[in-house]
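Q: A single structure is presented below for examination.
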Amino acid sequence: MRTFYGTTLSHPLMLGTAQYPSPAILAQAFKESGAGVATVSLRREGAGGEGQSFWKLISDLGVPVLPNTAGCHTVKEAVTTAHMAREVFDTKWIKLELIGHTDSLQPDVFGLVEAAKILAEDGFEVFPYTTEDLIVGERLLAAGCEVLMPWGAPIGSGRGLANPYALRAMRSEFPDVPLVIDAGIGLPSHAAQAMEMGYDAVLLNTAVARAGNPVAMAKAMAMAVEAGKLGYEADPIEARDMAEASTPVIGKAFLT
Amino acid sequence: MKIILNGEAQDLAGPNLAEALEQAGLTGRFATALNEAFVPSHMRAQTLLKDGDRIEALSPMQGG
Numbered sequence: 002m003r004t005f006y007g008t009t010l011s012h013p014l015m016l017g018t019a020q021y022p023s024p025a026i027l028a029q030a031f032k033e034s035g036a037g038v039a040t041v042s043l044r045r046e047g048a049g050g051e052g053q054s055f056w057k058l059i060s061d062l063g064v065p066v067l068p069n070t071a072g073c074h075t076v077k078e079a080v081t082t083a084h085m086a087r088e089v090f091d092t093k094w095i096k097l098e099l100i101g102h103t104d105s106l107q108p109d110v111f112g113l114v115e116a117a118k119i120l121a122e123d124g125f126e127v128f129p130y131t132t133e134d135l136i137v138g139e140r141l142l143a144a145g146c147e148v149l150m151p152w153g154a155p156i157g158s159g160r161g162l163a164n165p166y167a168l169r170a171m172r173s174e175f176p177d178v179p180l181v182i183d184a185g186i187g188l189p190s191h192a193a194q195a196m197e198m199g200y201d202a203v204l205l206n207t208a209v210a211r212a213g214n215p216v217a218m219a220k221a222m223a224m225a226v227e228a229g230k231l232g233y234e235a236d237p238i239e240a241r242d243m244a245e246a247s248t249p250v251i252g253k254a255f256l257t
Numbered sequence: 249m250k251i252i253l254n255g256e257a258q259d260l261a262g263p264n265l266a267e268a269l270e271q272a273g274l275t276g277r278f279a280t281a282l283n284e285a286f287v288p289s290h291m292r293a294q295t296l297l298k299d300g301d302r303i304e305a306l307s308p309m310q311g312g
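As they're listed, the protein sequences go chains A and B. When you line the first sequence up against the numbering used here, it's residues 2 to 257, in that order. When you line the second sequence up against the numbering used here, it's residues 249 to 312, in that order.
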């Protein structure tokens, strides 16, 4: 059983907390899905003290919190944000996001490795949002990361797993490393597909928060993740090109 | 002195970061950076401010 820096998740669905129609729906989505991790961020405090009420809501969820460095474009910015997040959320976990491309929000993998090294040396437990590139994965592990989080597709796109071949290769290349598909999930079937490949968790936000019924979608995602995981563990059959009759031929009546 | 707090100019007496934040009415759970450098909460009282300093005070917020 692969753990996340020694922590076993209560459920392999990691759920974001942004973009929900209301805080009550956010809380209900977590309750109904049983999601095992809540991702959060840091922003300037508004006049209404929204940050403090949000903190209360998150604390009440009772799941580990994974703060992110969303929106950071430089190593320095990401490292500073990580330090601030560690103090506010009182956790060593950090979802390291270092954006390199504005339209696709593709990670800047060069800066990512550099920032990961700085943070790991400083005692952080880094969850790097990366691509499916195997060499970048190796460098991140060498930098001190014990988890890798390749993207399924661009953040918020809902396109599912854009490159299943490479994601399978990544699973095969790093058999002992906890791997999370982070971003790009749109449908429960996408989440199930990730888990069927042997991934350890799926991290998603928009697909649930922007669905017409976020609570129902959160539950659907949780069930899909569980089904995919169980399917992987059950050792599925190999696909084949030609039919193979499942009903026995022996004993069939001779009728013409 | 003039301090830029979360992007907005404010006239705060200071003289240190902890007192300036209190003067600005900030309470609760937040982390601070001064001129883009993280300042841990236990260092705020001994971090002196000067005119034109930029403070970021960040709180828990929704994220993906």
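The beta-carbon is built from N, C-alpha and C at its ideal position, and this holds for glycine as well. Note that the coordinates shown come from a computational prediction; the quantities given were computed from them, not determined experimentally.
Based on Cα-Cα distance, which residue from A:Met198, A:Thr248, A:Val89 and A:Glu33 lies nearest to Glu239 of chain A?
A: Here the question's residue 239 of chain A lines up with position 238 in the first sequence. Out of A:Met198, A:Thr248, A:Val89 and A:Glu33, A:Met198 has the C-alpha closest to the C-alpha of Glu239 of chain A.
Q: Am I right that Leu16 of chain A and Ala25 of chain A are in contact with their C-beta atoms under 8 Å? What's the rounded C-beta distance?
A: Within the first sequence, numbered from 1, the residue matching residue 16 of chain A stands at position 15. Within the first sequence, numbered from 1, the residue matching residue 25 of chain A stands at position 24. Rounded, the Cβ-Cβ distance is 16 Å, inconsistent with contact.
Q: Nearest CA to the CA of Val89 of chain A: which residue from A:His74, A:Asn69 and A:Asp104?
A: Start at 1 with the first residue of the first sequence, and residue 89 of chain A comes out as number 88. Here the closest residue by C-alpha is A:Asn69.
Q: Return yes when the Cβ of Pro165 of chain A is within less than 8 Å of the Cβ of Ala184 of chain A, no when it is not.
A: Taking the first residue of the first sequence as 1, we reach residue 184 of chain A at position 183. Taking the first residue of the first sequence as 1, we reach residue 165 of chain A at position 164. It is not a contact, given that the beta carbons lie outside the stated cut-off.
Q: Could you tell me whether the Cβ of Glu267 of chain B comes closer than 8 Å to any Cβ of chain A?
A: If you number the second sequence from 1, residue 267 of chain B lands on position 19. Chain A, which has no Cβ nearer than 8 Å to the Cβ of Glu267 of chain B, makes this no.
Q: If you run the structure through DSSP and keep just helix, strand and coil, what is Val250 of chain A?
A: Along the first sequence, read from residue 1 onward, the residue named residue 250 of chain A stands at position 249. Val250 of chain A: coil per DSSP, three-state reduction.
Q: Report yes or no: do three or more beta-carbon pairs, one from the region 285 to 292 of chain B and one from the region 81 to 100 of chain A, lie closer than 8 Å?
A: The region 285 to 292 of chain B, when compared against the region 81 to 100 of chain A, does touch it at the 8 Å Cβ threshold.
Q: Tell me whether the beta-carbon of Gly311 of chain B lies closer than 8 Å to the beta-carbon of Val41 of chain A.
A: The count along the second sequence starts at 1 and reaches residue 311 of chain B at position 63. The count along the first sequence starts at 1 and reaches residue 41 of chain A at position 40. Closer than 8 Å, so yes.
Q: Taking 6 Å as the limit between beta carbons, can you name the residues of its chain near Leu67 of chain A, skipping five residues before and five after?
A: Locating residue 67 of chain A in the first sequence gives position 66, counting from the first residue. Answer for Leu67 of chain A: Val38, Thr40, Trp94 and Lys96, listed in chain order.
Q: I'd like the list of long-range same chain contacts for Lys230 of chain A, defined as Cβ closer than 7 Å, with 5 residues on each side in sequence excluded.
A: As a first step, residue 230 of chain A is located in the first sequence; it is residue number 229 there, counting from the start. Correct list, in chain order: Pro13 and Met196.
Q: Rounded to the nearest angstrom, what separates Thr8 of chain A and Glu126 of chain A at their Cα positions?
A: Position 7 of the first sequence, counted from the start, is the residue given in the question as residue 8 of chain A. Position 125 of the first sequence, counted from the start, is the residue given in the question as residue 126 of chain A. Each residue's alpha carbon lies about 11 Å from the other.
Q: Mind checking whether Ala223 of chain A and Ser34 of chain A have CB atoms under 8 Å apart?
A: Within the first sequence, residue 223 of chain A is the residue found at index 222, counting from 1. Within the first sequence, residue 34 of chain A is the residue found at index 33, counting from 1. The answer is yes: Cβ separation under 8 Å.
Q: For the pair the region 46 to 62 of chain A and the region 274 to 286 of chain B, tell me if three or more CB-CB distances fall below 8 Å.
A: The region 46 to 62 of chain A is in contact with the region 274 to 286 of chain B.
Q: Name the one or two DSSP bridge partners that Phe242 of chain B has.
A: As shown, chain B starts at 249 and ends at 312. That puts residue 242 of chain B outside it, with no answer to give.
Q: So, under 8 Å CB-CB, Val203 of chain A and Ile182 of chain A are touching, yes? Tell me the CB distance rounded to an integer number of Å.
A: For the purposes of this step, residue 203 of chain A is taken as the residue at position 202 of the first sequence. For the purposes of this step, residue 182 of chain A is taken as the residue at position 181 of the first sequence. Rounded, the Cβ-Cβ distance is 5 Å, consistent with contact.
Q: Quick one: does the C-beta of Ala219 of chain A sit closer than 7 Å to a heavy atom of the ligand SAH?
A: Absence of the ligand SAH is noted for the structure shown, with no ligands found whatsoever.
Q: Going along chain B in order, which residues have a C-beta closer than 9 Å to the C-beta of Gln53 of chain A?
A: Within the first sequence, numbered from 1, the residue matching residue 53 of chain A stands at position 52. By Cβ distance, chain B contributes Thr275, Gly276, Arg277, Phe278, Ser307 and Pro308.
Q: For chain A, is any of its Cβ atoms less than 8 Å away from the one on Glu270 of chain B?
A: Position 22 of the second sequence, counting from 1, holds the residue named residue 270 of chain B. Closer than 8 Å: no.
Q: The beta strand (DSSP E) with Gly232 of chain A in it runs from where to where?
A: Taking the first sequence and counting its residues from 1, the one referred to as residue 232 of chain A is at position 231. Careful: Gly232 of chain A lies outside any beta strand (DSSP E), inside the alpha helix (DSSP H) at Pro215 to Glu234.
Q: For Gly213 of chain A, does the count of other Cβ atoms within 10 angstroms reach 16, so buried, or fall short, so exposed?
A: For the purposes of this step, residue 213 of chain A is taken as the residue at position 212 of the first sequence. So Gly213 of chain A ends up on the exposed side.
Q: Just mark Ile136 of chain A as buried or exposed, buried being the case when its beta carbon has 16 or more other beta carbons within 10 Å.
A: Counted from its first residue, the first sequence places residue 136 of chain A at position 135. It is exposed - the Cβ of Ile136 of chain A has fewer than 16 other Cβ atoms within 10 Å.
Q: Using the Cα positions of Ala28 of chain A and Ala71 of chain A, report the straight-line distance between them to the nearest angstrom.
A: Within the first sequence, the letter at position 27 stands for residue 28 of chain A. Within the first sequence, the letter at position 70 stands for residue 71 of chain A. Near 22 Å, if we compare the C-alpha coordinates of Ala71 of chain A and Ala28 of chain A.
Q: With a threshold of 8 Å between beta carbons, is Met85 of chain A in contact with chain B?
A: Residue numbering aside, residue 85 of chain A sits at position 84 when the first sequence is read from its first letter. Closer than 8 Å: yes.
Q: Which residues in the same chain have their Cβ closer than 7 Å to the Cβ of Pro129 of chain A, if we skip the five residues on either side of it in sequence?
A: Counting from 1 along the first sequence, the entry for residue 129 of chain A is found at position 128. If we look at Pro129 of chain A and ignore the five residues flanking it on each side, its Cβ neighbours are Leu97, Leu113, Ala117, Leu141, Cys146, Leu149 and Met150.
Q: When you compare the CB of Asn264 of chain B with every CB in chain A, is at least one pair closer than 8 Å?
A: On the second sequence, position 16 is the one that residue 264 of chain B refers to. False, the Cβ-Cβ gap to chain A never drops below 8 Å.
Q: For the region 97 to 109 of chain A, list every residue whose C-beta sits within 7 Å of some C-beta in chain B, in sequence order.
A: Result list empty, no residue passes.
Q: I'd like the span of the alpha helix (DSSP H) that includes Val209 of chain A, first residue to last.
A: Looking up residue 209 of chain A in the first sequence gives position 208. Per DSSP, Val209 of chain A belongs to the alpha helix (DSSP H) from Thr207 to Ala210.
Q: Assign Ser54 of chain A to one of three DSSP states: helix, strand, or coil.
A: Within the first sequence, residue 54 of chain A is the residue found at index 53, counting from 1. Ser54 of chain A falls in the helix class under three-state DSSP.
Q: For the putative contact between Thr295 of chain B and Leu253 of chain B, defined by C-beta atoms under 8 Å, what is the C-beta separation to the nearest angstrom?
A: By 1-based counting over the second sequence, the position of residue 295 of chain B is 47. By 1-based counting over the second sequence, the position of residue 253 of chain B is 5. Contact flag wrong, Cβ pair sits at about 14 Å.
Q: If you drop the 5 nearest sequence neighbours on each side, which residues of the same chain put their C-beta closer than 6 Å to that of Glu174 of chain A?
A: Sequence index remark: in the first sequence, residue 174 of chain A carries index 173 (1-based). Result list for Glu174 of chain A: Leu135, in chain order.
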